[in-house]
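S.K.: Just so you know, we're using my numbering here: the sequence shown kicks off at 116 and counts up by one.
Backbone N, C-alpha and C fix where the C-beta goes; we use that ideal spot for every residue, glycine too.
Treat the numbers as computed from the prediction; the structure is a model and nothing was measured.
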Amino acid sequence: MSNPYKDIFLKPGKEQSLNRFHPWVFSGALKFVPSGLNEGDLVTVRTAAGEFLGTGHYQIGSIAVRILTFSDEAIDLPFWERKIRNAWEVRKSSGLVSDHETNVYRLVHGEGDGIPGLIADYYNGVVVMQAHSVGVFLQRRDIAEAIKNVLGSSLTAIYDKSAKTVPFKAGLTPEDGYLWGQAIAGHEVMEYGLRFRVDWEEGQKTGFFIDQRENRSLVLKLSAGRDVLNMFCYTGGFSFAAMKGGARLVHSVDSSVKAIELTNQNVELNFPEDPRHEAFATDAFTYLKDIKDQYDLIILDPPAFAKHRDALKQALLGYKRLNSRAFEQIRPGGLLFTFSCSQIVSREKFREAVFSAAAISGRNVRILYQLSQPSDHPVNIYHPEGEYLKGLVLYVE
Ligand code: SAH
Numbered sequence: 116m117s118n119p120y121k122d123i124f125l126k127p128g129k130e131q132s133l134n135r136f137h138p139w140v141f142s143g144a145l146k147f148v149p150s151g152l153n154e155g156d157l158v159t160v161r162t163a164a165g166e167f168l169g170t171g172h173y174q175i176g177s178i179a180v181r182i183l184t185f186s187d188e189a190i191d192l193p194f195w196e197r198k199i200r201n202a203w204e205v206r207k208s209s210g211l212v213s214d215h216e217t218n219v220y221r222l223v224h225g226e227g228d229g230i231p232g233l234i235a236d237y238y239n240g241v242v243v244m245q246a247h248s249v250g251v252f253l254q255r256r257d258i259a260e261a262i263k264n265v266l267g268s269s270l271t272a273i274y275d276k277s278a279k280t281v282p283f284k285a286g287l288t289p290e291d292g293y294l295w296g297q298a299i300a301g302h303e304v305m306e307y308g309l310r311f312r313v314d315w316e317e318g319q320k321t322g323f324f325i326d327q328r329e330n331r332s333l334v335l336k337l338s339a340g341r342d343v344l345n346m347f348c349y350t351g352g353f354s355f356a357a358m359k360g361g362a363r364l365v366h367s368v369d370s371s372v373k374a375i376e377l378t379n380q381n382v383e384l385n386f387p388e389d390p391r392h393e394a395f396a397t398d399a400f401t402y403l404k405d406i407k408d409q410y411d412l413i414i415l416d417p418p419a420f421a422k423h424r425d426a427l428k429q430a431l432l433g434y435k436r437l438n439s440r441a442f443e444q445i446r447p448g449g450l451l452f453t454f455s456c457s458q459i460v461s462r463e464k465f466r467e468a469v470f471s472a473a474a475i476s477g478r479n480v481r482i483l484y485q486l487s488q489p490s491d492h493p494v495n496i497y498h499p500e501g502e503y504l505k506g507l508v509l510y511v512e
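(1) Under the assumption that Ile262 contacts Asp491 (Cβ atoms under 8 Å), give the Cβ distance between them as a whole number of angstroms.
(2) Tell me which residues pass a beta-carbon proximity test against the ligand SAH: closer than 5 Å to any heavy atom, given in chain order.
(3) Taking only three categories from DSSP, how would you classify Asn345?
(4) In angstroms with no decimal places, state the Cα-to-Cα distance between Asn218 and Gly352.
(5) Roughly how many angstroms lie between the CA atoms of Pro149 and Ala259, to the nearest whole one?
(6) Looking at C-alpha atoms only, which residue of Met358, Phe355, Leu507 and Ser269 is the closest neighbour of Leu222?
(7) Would you identify the three-state DSSP class for Asp401, choosing helix, strand or coil?
(8) With DSSP as the reference, label Gly171 as helix, strand or coil.
(9) Compute the Euclidean distance between the alpha carbons of Asp314 and Gly322, then round it to the nearest angstrom.
(10) In angstroms with no decimal places, state the Cα-to-Cα distance between Ala246 and Lys276.
(11) Give the DSSP-derived three-state secondary structure of Gln131 in the structure shown.
(12) Helix, strand or coil: which one does DSSP assign to Leu145?
(13) So, at 6 Å on beta carbons, what are the nonlocal neighbours of Lys505 in its own chain, with the 5 sequence-adjacent residues on each side left out?
(14) Between Phe516 and Leu287, how many whole angstroms is the CB-CB distance? I'm expecting something under 8 Å.
(15) Can you tell me the Cα-Cα spacing of Asn201 and Glu388, whole angstroms?
(16) From Tyr307 to Arg328, what distance separates their C-alpha atoms?
(17) How would you label Phe442, buried or exposed, when you count the other beta carbons within 10 angstroms and need 16 or more for buried?
(18) Using alpha carbons as the reference points, say which of Asp236, Ser142, Leu192 and Gly227 lies closest to Leu211.
(19) How far does the alpha helix (DSSP H) with Tyr434 in it extend, from its first residue to its last?
(20) Could you tell me the distance, in whole angstroms, from the CA atom of Thr159 to the CA atom of Ile273?
(21) Using the Cβ count rule (16 or more neighbours within 10 Å means buried), how would you classify Arg206?
(22) Under 7 Å from any heavy atom of the ligand HEM, does the C-beta of Met358 make it?
(23) Pull up the distance between the alpha-carbon of Thr378 and that of Gly361, whole angstroms please.
(24) With the cut-off set at 8 Å, would you say His392 and Ser332 are in Cβ contact?
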């Protein structure tokens, strides 16, 4: 027993998923938890017979341990540096770090990058970190130091935005704030040469939905001459892609007034006083009640309808209702981009919901593209749960 962490022993036979490198240990698999263990502590997980399996963060809940390494090694600053450097190399190899037209990408995507509990997004020099586990939260300063050491001069600040994501059971009272450096007024980022103001202090998630980047580029490619509805627009990413792609008209809709303000600000940055764009702060279902055949390209990118398994049925009904409104009204020859970002809604289930919606409308529908999350949101092959974003591009006759 070479490392300094407390040992947790599994029930006999419960090591199978860890032998297959799945990073979660469920509480039901634990045989023995040492006394005095605190939430967020580093623990070494062992078989019932005492063999080493991995080291990770302990937490109270159904996922009891999130494994950080399957090797017997210390979790110290050099460890975090190796992890962050590895994630950065992956972004380099997919061309994101050197892209002159795009300077926003996800640097660390939790389990997808072998760091369960950590999200880190790069916004043109500023990294916004989000801890989803107590262990990562407690080690945020080491992690920030590692990010600083790896990114070097391409970094100007690190902001911690964990107040809403770190579990409250640990009795922590986290506050968002800068771990290093500070904000620069009017900070802008670029995606495909389009400019955005990102508000990581007040905005949703870490400030911007980076995961739709590649899907926005498909909208850019397919929107020439079309009348576009961007439903659930948030900061307007799909709207500017459509405008850059030569759309004839773009309407952006979101129920949040703040989102509509952000969208309008970003339109002004890229297409000042362009009469093609209008934004509306209203509920999606209300707006879609009676749009008739105004649009021939519709984007539906709703928030996660189902965050928990018991909400699955309701979520599928939601997707069906939403999509059937679009199918019934989209102009013949129109394109529907429809998404689901709920992790518990599988690709098959989502497709079935969209299929039902199409059938209700009686229209002829073909699937042109099946979309997913981009390379900076990688899926760890041993953790298929990491695949969450699903999209279809449909041609509606
Ligand atoms: N497409 C966006 C991300 C969408 S996030 C992008 O590319 O950046 C989901 C958005 O849906 C949020 O901005 C949220 O405010 C909005 N929203 C949630 N419920 C809504 C509703 N019932 N009607 C309209 N918008 C809604």
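M.R.: Walking through what the data contain:
(1) Ile262 to Asp491, Cβ: 15 Å. No contact.
(2) Phe324, Gln327, Phe347, Tyr349, Gly352, Asp369, Ser370, Ser371, Ala374, Asp398, Ala399, Asp416 and Pro418
(3) strand
(4) 14 Å
(5) 30 Å
(6) Ser269
(7) A quick correction: the sequence has Thr, not Asp, at residue 401. DSSP places Thr401 in helix when its eight states are reduced to three.
(8) strand
(9) 5 Å
(10) 8 Å
(11) helix
(12) strand
(13) Ser455, Arg462 and Phe465
(14) Outside the displayed range of the chain (116 to 512) lies residue 516, so it cannot be described from this structure.
(15) 44 Å
(16) 9 Å
(17) buried
(18) Asp236
(19) Leu427 to Gln444
(20) 30 Å
(21) buried
(22) Among the ligands present in this structure, namely the ligand SAH, the ligand HEM is not found.
(23) 18 Å
(24) no
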